[in-house]
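Engineer: Please read through the structure below; I'll follow up with questions.
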């Protein structure tokens, strides 16, 4: 099954709900993926003997790009006549879209705190954690700064990129530095983990802190350097159907699929740990 990608300004995606406050030196973007070439316009789902059909929009943290693209394709194959449209970006920005009324059926965040803002606003209830992730250092493949530990990131000559503090990957990086008792002064704070990876892979910085799953997905472009378990940070990923989902039945089935053995196998293959 083919997957079509388009890149749009995050500000445009959030346009119906105002500014999310997400900015970066490279410009914040959100990637929207249609898991099939069929019409992805909003549609109310119908229920048949084989289950719900129709179209759903899933907003998911950027770190879920690879795994959720696979899951969406598998879900469509298991639900003939259904279409899943995926929109990836910073969890906090996606949460802002939801609480400001952007049409969506499912929200998958990279932190329970971010999901909490959606639940507290009454747009979701009963979220379920479906995976966990941890952090790693990434460097350009040739590692010109010779980084091999967290301590090296304190060198003022070492250019470090992290996520912005208000997004989950940025909060996790801050936790790592705090656990290690280190003061690191990043030269770049990015809107999401994919932007950090881009900075590192292009050699614009000497190192970055990203999720282990993103480092695995970009293994041809960056080298991962493990963070000691005592210093590392673990984040939980919750998922929920949106309370006012245009296609509520299909939304619930997608959530169930992510939690199923099939969905969990895809996440494990991507490097996520069990919830």
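Residue numbers (mature numbering (1 follows the signal peptide of the UniProt record, and there is no 0)): -21 to -1, 1 to 254. Built from N, CA and C at the ideal position, the CB exists for glycine as well.
Taking the beta carbon of residue 18 as the centre, do at least 16 other beta carbons fall within 10 Å, making it buried, or is it exposed?
Structural biologist: Model confidence at residue 18 stands at a pLDDT of 37, short of 50, so the residue's coordinates are unreliable and nothing is read from them.
Engineer: Are the Cβ atoms of residue 236 and residue 54 separated by less than 8 Å?
Structural biologist: Going by C-beta atoms, residue 236 is nearer than 8 Å to residue 54.
Engineer: So what's residue 218 in DSSP terms, helix, strand or just coil?
Structural biologist: Strand.
Engineer: Look at the alpha carbon of residue 163 and the alpha carbon of residue 56, and state the distance between them as a whole number of angstroms.
Structural biologist: Going by the C-alpha atoms only, they are around 46 Å apart.
Engineer: So for residue 162, helix, strand or coil by DSSP?
Structural biologist: Coil at residue 162, not helix or strand.
Engineer: According to DSSP, simplified to helix, strand and coil, what is residue 52?
Structural biologist: Three-state DSSP puts residue 52 in a helix.
Engineer: Near residue 74, which residues of its chain fall below 8 Å by C-beta distance, leaving aside the five closest residues on each side in sequence?
Structural biologist: For residue 74, where only same-chain residues beyond five positions count, the Cβ hits under 8 Å are 86, 88, 93, 94, 96 and 97.
Engineer: Return the chain-ordered list of same chain residues with a C-beta closer than 8 Å to the C-beta of residue 137, the five sequence neighbours on each side being excluded.
Structural biologist: The answer, listed in chain order, is 124, 126, 131, 185 and 186.
Engineer: Suppose the cutoff is 6 Å on Cβ atoms and the five residues either side in sequence are ignored; what does the same chain contact list for residue 242 look like?
Structural biologist: Hits under 6 Å: 50 and 236.
Engineer: Should residue 69 be labelled buried (16 or more other beta-carbon atoms within 10 Å of its own) or exposed?
Structural biologist: Buried.
Engineer: What first and last residue would you give for the beta strand (DSSP E) that runs through residue 61?
Structural biologist: Neither: residue 61 is in no beta strand (DSSP E) and is coded neither H nor E.
Engineer: Do residue 44 and residue 111 come within 8 Å of each other at the CB atom, strictly closer than that value?
Structural biologist: No, they are not a contact pair.
Engineer: Just mark residue 121 as buried or exposed, buried being the case when its beta carbon has 16 or more other beta carbons within 10 Å.
Structural biologist: So residue 121 ends up on the exposed side.
Engineer: Do the CB positions of residue 119 and residue 180 come within less than 8 Å of each other?
Structural biologist: Yes, the pair counts as a contact, with Cβ atoms nearer than the cut-off.
Engineer: Using 10 angstroms around the beta-carbon of residue 198, count the other beta-carbons present and answer buried if the total reaches 16, otherwise exposed.
Structural biologist: The residue is exposed, with fewer than 16 neighbouring Cβ atoms inside 10 Å.
Engineer: For residue 182, which residues of its own chain have a beta-carbon under 7 Å away from its beta-carbon, when the five flanking residues on both sides are left out?
Structural biologist: Same-chain partners within the cutoff: 119.
Engineer: Report buried or exposed for residue 161, applying the criterion of at least 16 other Cβ atoms within 10 angstroms of its Cβ.
Structural biologist: Result: exposed.
Engineer: Going straight from the alpha carbon of residue 238 to that of residue 153, what length do you get?
Structural biologist: So the two alpha carbons sit approximately 29 Å from each other.
Engineer: Please report the straight-line C-alpha distance between residue 117 and residue 65, rounded to a whole angstrom.
Structural biologist: Their Cα atoms are separated by approximately 26 Å.
Engineer: By the 10 Å Cβ neighbour count, where 16 or more other Cβ atoms means buried, how is residue 20 classified, buried or exposed?
Structural biologist: Interpretation of residue 20 is limited by its pLDDT of 36, a score under 50 that renders its predicted location unreliable; the figure taken from the coordinates is listed afterwards. That one is exposed.
Engineer: Figure out for me which residue from 142, 158 and 173 has the closest Cα to the Cα of residue 167.
Structural biologist: When each option's Cα is compared against that of residue 167, the closest is 142.
Engineer: So, helix, strand or coil for residue 137, using DSSP?
Structural biologist: Of the three classes helix, strand and coil, the one that applies to residue 137 here is coil, per DSSP.
Engineer: Beta-carbon within less than 7 Å of residue 172's beta-carbon, same chain only, minus the 5 sequence neighbours each way: which residues are those?
Structural biologist: For residue 172, where only same-chain residues beyond five positions count, the Cβ hits under 7 Å are 41, 42, 142, 148, 189, 190 and 193.
Engineer: Could you pull the start and end residues of the beta strand (DSSP E) that residue 120 belongs to?
Structural biologist: Neither: residue 120 is in no beta strand (DSSP E) and is coded neither H nor E.
Engineer: Could you name the residues of the same chain whose beta carbon sits closer than 8 Å to that of residue 103, not counting the 5 residues immediately before and after it, in chain order?
Structural biologist: Correct list, in chain order: 77, 86, 94, 97, 219, 220, 221 and 222.
Engineer: Pop quiz: residue 158 and residue 209 are said to be a contact at Cβ under 8 Å. What is the actual Cβ separation, rounded to whole angstroms?
Structural biologist: With 8 Å as the limit, residue 158 and residue 209 qualify as a contact, their Cβ atoms being about 7 Å apart.
Engineer: Would residue 101 be called buried (16 or more neighbouring beta carbons within 10 Å of its own) or exposed?
Structural biologist: Exposed, by the Cβ-count rule.
Engineer: For residue 140, count neighbouring Cβ atoms within 10 angstroms of its own Cβ and tell me buried if that reaches 16, exposed if not.
Structural biologist: By the neighbour-count rule (16 or more Cβ atoms within 10 Å), residue 140 is buried.
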